[in-house]
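Just so we're aligned, residue 1 is where the sequence shown starts under UniProt numbering, counting upward by one. Note that CB positions come from ideal geometry on N, CA and C, so glycine has one too.
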Amino acid sequence: MASARSYKTVQIIFILIIITAASISSVLSKPNDKLKRIRSYLRRINKLAIKTIESPDGDLIDCVPSHLQPAFDHPLLKGQKSLKPTHHGSRKSIQLWTDSGESCPDATVPIRRTTMKDVLRAGSLHKFGRKTFSKQSAKISSDDQLKTVATVTEDCFYGTRVKIHVWKGNETDQYDFRLSQVWIASGNTTSNDLNTVEAGWQVNRKLFGDNSPRLFTYWTADSYGTTGCYSLLCSGFVQTNNRISLGAAIPPRFTQNGRELDIDIPMMIAKDAEHGHWWLEIGPGFVVGYWPSFLFSRLHSHANMVQFGGIMVKARSMGLNAPAQITTGDISDGGIGKASNSQDLKVTEGVDKLVPLCSVEIFARQLFNASHMVK
Numbered sequence: 001m002a003s004a005r006s007y008k009t010v011q012i013i014f015i016l017i018i019i020t021a022a023s024i025s026s027v028l029s030k031p032n033d034k035l036k037r038i039r040s041y042l043r044r045i046n047k048l049a050i051k052t053i054e055s056p057d058g059d060l061i062d063c064v065p066s067h068l069q070p071a072f073d074h075p076l077l078k079g080q081k082s083l084k085p086t087h088h089g090s091r092k093s094i095q096l097w098t099d100s101g102e103s104c105p106d107a108t109v110p111i112r113r114t115t116m117k118d119v120l121r122a123g124s125l126h127k128f129g130r131k132t133f134s135k136q137s138a139k140i141s142s143d144d145q146l147k148t149v150a151t152v153t154e155d156c157f158y159g160t161r162v163k164i165h166v167w168k169g170n171e172t173d174q175y176d177f178r179l180s181q182v183w184i185a186s187g188n189t190t191s192n193d194l195n196t197v198e199a200g201w202q203v204n205r206k207l208f209g210d211n212s213p214r215l216f217t218y219w220t221a222d223s224y225g226t227t228g229c230y231s232l233l234c235s236g237f238v239q240t241n242n243r244i245s246l247g248a249a250i251p252p253r254f255t256q257n258g259r260e261l262d263i264d265i266p267m268m269i270a271k272d273a274e275h276g277h278w279w280l281e282i283g284p285g286f287v288v289g290y291w292p293s294f295l296f297s298r299l300h301s302h303a304n305m306v307q308f309g310g311i312m313v314k315a316r317s318m319g320l321n322a323p324a325q326i327t328t329g330d331i332s333d334g335g336i337g338k339a340s341n342s343q344d345l346k347v348t349e350g351v352d353k354l355v356p357l358c359s360v361e362i363f364a365r366q367l368f369n370a371s372h373m374v375k
């Protein structure tokens, strides 16, 4: 009898050991599965390069054959080649990776290499490279944000032109964020059919891990739901330029006596008449690439809203709902005033027909500086 009880006890202990081992194995395998998924994504997004340039800030810029860029992973673009812009810029690139005189060969596009650290900072592959509205971001109250946006609404827009001011701030927290950009949109968020094409610069420590202003593009076809991404982090935007790298840093420029120079970047987004794609031009003649019209339901034909503006968020590392450390200097000495400093604002009411703005609605928590708006 005693031996039978002992046998059952041994059986129970053995079963418990098996269950415990299985649980431990399951827990240990989860991080490994996550890393496997990230490595698979990195292999897919970091394309085979014919040349790699190391930027002074540590970024690696891969010169990828144009037809192999991430956009052509899209089913409707597979096997195709990118369209060629009608003109090219001749000025020097404004980005840090070109300061040494290095450049990517013709028929290639410069793509900032995505790293494991980049993805891990996002917390998940689902969030990486996308605008997300998480519980954490919701904890940042309106008092922790400075937001200034000028909105123009009409029946039909086919593009816009703006000059955006670039400046360097002092972000210290992972959730600190700053941008100045232009939005072209159609649809609305309530019905989840908002379509946007966006371009500008941002300081995004969570995405890039530093305080450098960086050029970016963005798009969504479903109100920032499951579609779209920053720059070339998914299939969508087609790059045609070999001297601009989306996501690469814009360095400060100085005079001979050490005074930092202001950097103003002209940007234009316009719909072409032949294919209906939305083209992005940075600077005089730097055609960067285009968003194919088939990505969109509402922007397929035209836009009905154009926005210009800037956003600045500061949050402490501990307790995102704590008061943000935004000082009056952030506003009066630069801050959101610089982030939202947009000049020479024009919209396109017909293909290739730029006209000055005639009606602007401004939402400003602090300041909107459109000092050279054409009227």
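- If you draw a straight line from the Cα of I111 to the Cα of N257, it is about 34 Å long.
- Between G209 and R121 a beta carbon distance of about 6 Å is seen, short of the 8 Å cut, so the two are scored as contacting.
- Annotation for E54: L60 place their beta carbon closer than 7 Å to its own, counting only its chain and skipping 5 residues before and after.
- Using a Cβ-Cβ distance cut-off of 8 Å, the stretch 281-298 and the stretch 233-244 are in contact, since at least three pairs of beta carbons, one from each stretch, lie closer than that value.
- In the structure shown, A71 falls within a helical segment according to DSSP collapsed to helix, strand and coil.
- R113 sits away from D155, with the two beta carbons spaced by 8 Å or more.
- A buried status is given to D118, since no fewer than 16 other beta-carbon atoms sit within 10 Å of its beta-carbon.
- Of the candidates S297, K84, Y175 and T220, the residue whose Cα lies closest to the Cα of V203 is Y175.
- Taking C-beta atoms as the reference points, L179 and G187 fail to come closer than 8 Å.
- A107 sits exposed, since fewer than 16 C-beta atoms from the chains shown fall within 10 Å of its C-beta.
- Relative to the Cα of K84, the nearest Cα in the group D73, D99 and H67 belongs to H67.
- Nearest neighbour of L77 by Cα position, chosen from W291, L299 and S301, turns out to be W291.
- In this structure, A221 sits away from F157, with a CB-CB distance that is not shorter than 8 Å.
- Secondary structure at S180: strand, using DSSP grouped into helix, strand and coil.
- Inclusion of A199 and M305 in the CB contact set at 8 Å is not warranted, their separation being larger than that value.
- D99 places its beta carbon 8 Å or farther from that of S212.
- DSSP lists Y290 as the beta-bridge partner residues of V238.
- Restricted to the stretch 42-126, the alpha helix (DSSP H) segments that are unbroken, complete and at least 4 residues in length are 116-122, listed in chain order.
- Between T196 and C234, the alpha-carbon positions lie close to 16 Å from each other.
- Linking R37 to G129 through their CA atoms gives a straight-line distance of about 15 Å.
- Sorting Y41, M116, V109 and I269 by C-alpha distance to the C-alpha of W219 places I269 at the top.
- By the neighbour-count definition (other C-beta atoms within 10 Å, threshold 16), R259 is an exposed residue.
- In this structure, P75 keeps its C-beta atom at 8 Å or more from the C-beta atom of I45.
- Relative to the Cα of R39, the nearest Cα in the group L125, M312 and F294 belongs to L125.
- Here F254 is exposed. Its C-beta has fewer than 16 other C-beta atoms within 10 Å.
- DSSP places L295 outside any beta strand (DSSP E), giving it a letter other than H or E.
- 8 Å or more divides the Cβ of S231 from the Cβ of N192.
- As a beta-bridge residue in DSSP terms, D264 pairs with H165.
- C-alpha of W201 to C-alpha of G79: approximately 31 Å in a straight line.
- Out of L207, H277, D262 and I263, the CA that lies nearest to the CA of V238 is found in H277.
- The three-state secondary structure of S186, taken from DSSP, is strand.
- Counting the other Cβ atoms within 10 Å of the Cβ of H165 gives 16 or more, which makes it buried.
- N195 is bridged by DSSP to S186.
- I38 carries a helical assignment under DSSP once its states are collapsed to helix, strand and coil.
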